[in-house]
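Quick note on my numbering: the sequence shown kicks off at 4 and runs consecutively.
Cβ coordinates follow ideal geometry from the N, Cα and C atoms, glycine included.
These figures come from a predicted structure and were not determined experimentally.
To start, the structure itself, in structure tokens.
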Amino acid sequence: MRTIRRTKAFTLIEILIVVVILGILAAIVIPQFTRASQEAQTGNVATQLQTIRSQIELYRIRNNGNYPPSLDSGSFDDFLTPPAGQEPYLRSAPRNPRNNSDVISAGIDTSAASTNGWYWDAATSVFGATRFDEELGQWVDDPAYAGTGVNAGATGAAANP
4 MRTIRRTKAF TLIEILIVVV ILGILAAIVI PQFTRASQEA QTGNVATQLQ
54 TIRSQIELYR IRNNGNYPPS LDSGSFDDFL TPPAGQEPYL RSAPRNPRNN
104 SDVISAGIDT SAASTNGWYW DAATSVFGAT RFDEELGQWV DDPAYAGTGV
154 NAGATGAAAN P
């Protein structure tokens, strides 16, 4: 007669305890990754703004104080196709990391509903990222956003001389 061998296995309670522990760990760790992603987007847009603004100023200096006309038409064309004998100011049209758009809107636009990536206000020579409040360093469509309005003064763009 054969004897039945019982193999040792985990009990249901042991498995449930492990699942609960993993759930608690996930609840702690996942928000950390979300915050890191938002911080990366904020750093990315700040770097892009610095680069674009310096290229706008370089264009203005090389073109007798005139800003790139393509900014008013909503594109980066003047930065991508330079005059003969010059290098392009930008290798490609930058995209806003929040909405993946490279379109430029006329006038200051930091609203959360904007579908454009950037804004250019020709009257004040201000270039900025839509959906982004530079003073607070926050995205306006972020639930944690505590801003109460558009911040046009902290864009860092130079005014017309």
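Check	Outcome
Helix, strand or coil at residue 3 according to DSSP, with G and I counted as helix	Any property of residue 3 remains undetermined from this structure, which presents the chain solely from 4 to 164.
Reduced DSSP category for residue 106 - H, G, I as helix; E, B as strand; rest coil	coil
Rounded distance between the beta-carbons of residue 145 and residue 2, thought under 8 Å	Residue 2 lies beyond the range of the chain shown here (4 to 164); nothing can be said about it.
Exposed unless 16 or more other CB atoms sit within 10 angstroms - verdict on residue 29	exposed
Residues that residue 135 bridges to, as DSSP identifies them	142
Beta-carbon gap between residue 110 and residue 122 smaller than 8 Å	yes
Same chain, Cβ closer than 8 Å to residue 91, neighbours up to 5 away in sequence not counted	82, 83, 84, 85
Buried or exposed (CB count within 10 angstroms, at least 16 for buried), residue 119	buried
Distance, residue 10 Cα to residue 46 Cα	55 Å
Cut-off 6 Å between Cβ atoms - residues of its own chain near residue 156, not counting five sequence neighbours on either side	Here the model assigns residue 156 a pLDDT of 38, short of 50, so the residue's position is not dependable and the matter cannot be decided.
One or two residues paired with residue 122 in a DSSP bridge	108, 131
Coarse secondary structure for residue 93, derived from DSSP in three states	coil
For residue 100, the three-state DSSP class (helix, strand or coil)	coil
Selected residue, minimal CA-CA separation from residue 43, among 107, 130, 127, 100	100
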